[in-house]
Amino acid sequence: MVFSQYKNVLIGICLIGFAMGSIVGAYIIYITNNYYWIYLSSPVLAIGSAFVIFGVLKKNK
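Taking my numbering, the leading residue of the sequence shown gets 9, the next gets one more, and so forth.
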């Protein structure tokens with residue numbers, strides 16, 4: 009693996025962690041009545057997963 013693949017995997021894992029943190033924090037969001045943060049976590053989770061998949065499956069040349 010070259011550095012760009014590690015970078016993609018690391019960025020993806022960070023985005024997945026951010027999205028999972030906002031999903032776990034849904035109870036706090038429920039208390040404060042700011043529901044739009046829950047809907048923001050789904051695309052962030054998808055982008056993070058795409059970065060991880062792209063980083064792992066990218067071929068070396």
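Ideal Cβ placement from N, Cα and C applies to all residues, glycine included.
Computed from a prediction, not measured in an experiment: that's the story for all the values here.
Nearest to Gly29 by alpha-carbon distance, out of Ser49, Ser12, Tyr43 and Gly63, is Ser49. Comparing alpha carbon positions, the residue from Val64, Tyr43, Ile31 and Leu53 closest to Ile24 is Leu53.
Within its own chain, the residues whose Cβ lies closer than 7 Å to the Cβ of Ile19, once the five positions on either side in sequence are excluded, are Phe59, listed in chain order. Only buried fits Ala27, as 16 or more other CB atoms lie within 10 angstroms of its CB. In this structure, the alpha-carbon of Tyr43 lies about 15 Å from that of Pro51. In the displayed model, Lys66 falls within coil according to three-state DSSP, outside both helix and strand.
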